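Okay, structure first, notes after.
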Ligand code: ADP
Ligand code: MG
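Residue numbers (the numbering used here): 237 to 601.
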């Protein structure tokens with residue numbers, strides 16, 4: 237009896253210990269990812285990204301041939317950092333490798349992965365001081381966001397079809413051209429359009445309504461249709477190059493997820509899809525940091541439950557999009573053409589809701 241009790245206690249302790257360990261590992265992984273995505277140059281505090289930089293891949297790891305690389309990819313390990321933070325037995329289990337091999341691979345990944353560095357809190361505060369805020373045209377929505385849509389951030393707007401995601405994109409594009417006294421950035425816009433819903437006429441209508449010359453506005457909005465997810469990701473590389481000569485203040489990806497959703501269908505594709513989305517978002521975040529710009533991404537949720545995509549109120553891309561975005565706004569339609577925006581996730585603002593309308597002139601209270 238006594239022994240049985242002790243045995244049960246031991247099993248329970250072991251169980252709790254494993255759960256705690258997993259939690260710590262997950263946190264370390266998230267931290268490492270965060271640090272790596274914010275590679276600050278110690279010299280002048282600016283963030284360096286090099287579009288042409290050759291990064292080591294899992295194929296470059298010691299002892300990893302094509303077969304092992306394939307196993308790693310299949311298990312969802314496409315990035316060195318993801319491997320570097322694993323424990324040998326976990327990697328062995330998940331990638332179906334031997335433990336000795338796993339250990340060697342992890343050692344290699346630790347050496348080659350870009351772990352990133354530490355910077356002082358003061359340096360980060362300096363960068364935060366540069367943050368600018370863009371008006372949406374609705375005082376209520378601006379207030380919900382603590383004064384407007386922030387630079388150095390990714391804002392994810394998600395909601396059903398017709399909830400106003402594209403309207404927000406159009407309005408922010410127009411407002412970006414406004415001078416700062418009027419809540420704008422006096423900058424330029426890159427607009428990645430994946431659903432063919434960008435309408436220059438709508439831009440012109442909104443521009444005239446705020447007293448801007450529509451032709452000047454349209455001249456400063458650079459639009460590209462993305463034909464598939466790979467093209468969509470390539471367009472971000474293109475923005476990296478073009479933004480050397482263009483004062484980009486707003487990057488819109490409308491919609492972020494539609495191509496990924498259509499192309500990566502089924503459970504087996506889930507890990508790959510999330511990895512690609514993660515990389516895509518990381519690159520967008522870097523652009524927002526480098527140019528002190530705002531990134532707006534839209535994400536559609538289903539109105540009808542769908543077996544493949546599960547919970548209808550959950551944004552596509554799940555928590556990968558959630559973690560990568562700084563602010564998340566959930567939109568829903570209300571009576572009389574009103575829209576309700578709910579701030580779901582924010583590092584420094586309380587959750588809350590704002591009501592706004594979409595009029596012929598654009599977003600208003
Ligand atoms: P989503 O991108 O979330 O699918 P949209 O941003 O395209 O949705 O929203 C479409 C809605 O915006 C329309 O149903 C309509 O209510 C409103 N809208 C679009 N254009 C105009 C306009 N010119 N005047 C007034 N409302 C408009
Ligand atoms: Mg839309």
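Cβ atoms here follow ideal geometry from the backbone N, Cα and C, with glycine treated the same way.
If you're wondering where the values come from, they're calculated on a predicted model, not measured in any experiment.
Neighbour-count burial assignment, residue i, 16 or more Cβ in a 10 Å radius
i	result
residue 401	buried
residue 566	buried
residue 379	exposed
residue 277	Its pLDDT being 30, under 50, residue 277 is placed unreliably in this model, and the coordinates cannot settle the point.
residue 562	buried
residue 584	exposed
residue 469	buried
residue 291	exposed
residue 426	buried
residue 536	buried
residue 586	exposed
residue 582	buried
residue 303	exposed
residue 452	exposed
residue 293	exposed
residue 514	buried
residue 228	Because the chain here runs from 237 to 601, residue 228 falls outside it and cannot be looked at.
residue 336	exposed
residue 512	buried
residue 532	buried
Per DSSP, the bridge partner or partners of residue i
i	result
residue 535	394
residue 589	578
residue 486	425, 530
residue 220	Nothing can be reported for residue 220: it is not among the residues displayed for the chain, which extend from 237 to 601.
residue 370	385
residue 496	Answer is none; residue 496 lacks a bridge partner.
residue 568	576
CB-CB length for residue i against residue j, believed under 8 Å
i	j	result
residue 462	residue 428	5 Å
residue 598	residue 445	6 Å
residue 448	residue 460	That belief does not hold up - the Cβ atoms of residue 448 and residue 460 are roughly 22 Å apart, past 8 Å.
residue 486	residue 360	No, residue 486 and residue 360 are not in contact; Cβ-Cβ is about 23 Å, not under 8 Å.
residue 326	residue 307	Residue 326 to residue 307, Cβ: 14 Å. No contact.
residue 430	residue 483	No, residue 430 and residue 483 are not in contact; Cβ-Cβ is about 24 Å, not under 8 Å.
residue 534	residue 410	Incorrect: roughly 16 Å between the Cβ atoms, too far for contact.
residue 500	residue 508	6 Å
So does the segment 517-529 actually touch the segment 470-490, counting three or more Cβ pairs closer than 8 Å? yes
Can at least three beta-carbon pairs, one atom from the segment 444-460 and one from the segment 388-397, be found at a separation below 8 Å? no
Kindly confirm or deny that the segment 329-343 and the segment 356-368 touch, where touching means at least three C-beta pairs closer than 8 Å. no
For a minimum of 4 consecutive residues, which ranges assigned as the alpha helix (DSSP H) are wholly contained in the segment 413-476? 436-445, 450-455
Tell me the start and end of each unbroken beta strand (DSSP E) in the segment 278-357 that is at least 3 residues and wholly inside, in chain order. none
For the pair the segment 319-329 and the segment 344-358, tell me if three or more CB-CB distances fall below 8 Å. yes
contact_flag[the segment 564-579, the segment 589-598] where n(CB pairs < 8 Å) is 3 or more: yes
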